[in-house]
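Going by my numbering, the letters in the sequence shown line up with residues 86 to 259, in that order.
Ideal Cβ placement from N, Cα and C applies to all residues, glycine included.
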Amino acid sequence: MDKGKLEESIANAFVNVKTPPDWALVRSREGSEPAEIEAIFRGVKDWRNLHVFKMDQDAVLSFLSDEAFRYYIQAFMLYDIRGEIHYNDVVFHLVHGLEGHGASKRINPRRYGDRTGWDSAIYRHSVFSKAQAGAIVEYLKFKLEAEGPDGFDALSIQQALANYWLERAESSVE
């Protein structure tokens with residue numbers, strides 16, 4: 086798959102996504118990490134003005150709100166295609182909960198009741214349009230091709246594509 090075409094596809098799919106307001110950058114206020122991550126993105130009007138090394142801090146993608154995740158995932162995918170992401174596992178955040186293992190496992194039942202990894206992933210990814218889901222599919226296929234069938238994330242990517250992303254890219258409401 087041509088990197089340039091993939092980058093263009095991602096950029097086009099996310100071109101109309103607005104920068105999240107400062108109050109909607111993180112999805113938790115527990116502990117010190119959300120505040121540290123919020124400080125990185127506070128006041129940023131365009132992700133292209135934020136250096137990749139500033140963005141690529143430990144666990145950033147885990148703490149971003151759904152709005153911020155939708156906006157910044159394009160940057161993480163583009164930088165990952167270029168080999169510039171070193172700390173955040175972009176693929177993990179797009180496949181976790183959608184693969185076969187653990188999808189039906191409840192996450193923190195004392196806090197979230199019967200919510201499963203699948204439920205959480207579906208909700209998180211419900212913010213993406215059909216075009217954005219299509220760009221994510223292209224990105225995941227690119228990663229799968231680059232990694233090969235025996236790669237570390239290969240099975241998770243294949244399962245997430247089959248279980249969710251391919252259908253989501255075809256049937257999203259516009």
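Buried or exposed, going by whether 16 or more other CB atoms sit within 10 Å of the CB of residue i?
i, result
"G128", "exposed"
"D165", "buried"
"P119", "buried"
"A231", "exposed"
"Y249", "buried"
"R196", "exposed"
By alpha-carbon positions, which one of the options ends up nearest to residue i?
i, options, result
"V111", "F138, Y156, K190, R196", "Y156"
"V180", "F138, L251, G89", "L251"
"H178", "G89, L225, H136", "L225"
"V100", "K90, S117, D87, Q159", "Q159"
"G89", "I242, Y249, S256, E223", "E223"
"F237", "Y249, V176, Y208", "V176"
Can the beta-carbon of residue i be found closer than 8 Å to that of residue j?
i, j, result
"L183", "F161", "no"
"L246", "A239", "no"
"V212", "D151", "yes"
"A254", "K215", "yes"
"E115", "V137", "no"
Closer than 7 Å by C-beta to residue i: which residues in its own chain qualify, once you throw out the five before and the five after it? Chain order, please.
i, result
"H171", "D141"
"R191", "D199, R200, T201"
"K139", "I125"
"V189", "In the sequence on display, residue 189 carries Ser and not Val. If we look at S189 and ignore the five residues flanking it on each side, its Cβ neighbours are T201, W203."
"S241", "V180, E184"
Under 8 Å Cβ to Cβ from residue i, same chain only, skipping five residues before and after it: list those, please.
i, result
"I122", "L110, V111, Q142, A144, V145, F148, L149"
"T104", "V129, K130, D131, W132, Y156"
"L163", "E92, I95, A96"
Any beta-carbon of chain C closer than 8 Å to the one on residue i?
i, result
"Y224", "Absent from the structure is chain C; it holds one protein chain and no more."
Apart from the five residues on each side of it in sequence, which residues of its chain come closer than 6 Å, Cβ to Cβ, to residue i?
i, result
"L135", "V129"
"Q244", "E184, G185"
"A98", "A216, Q217, A220"
"D107", "R127"
"A206", "G182, L183"
- Query: Can at least three beta-carbon pairs, one atom from the region 216-234 and one from the region 92-102, be found at a separation below 8 Å?
  - Reply: yes
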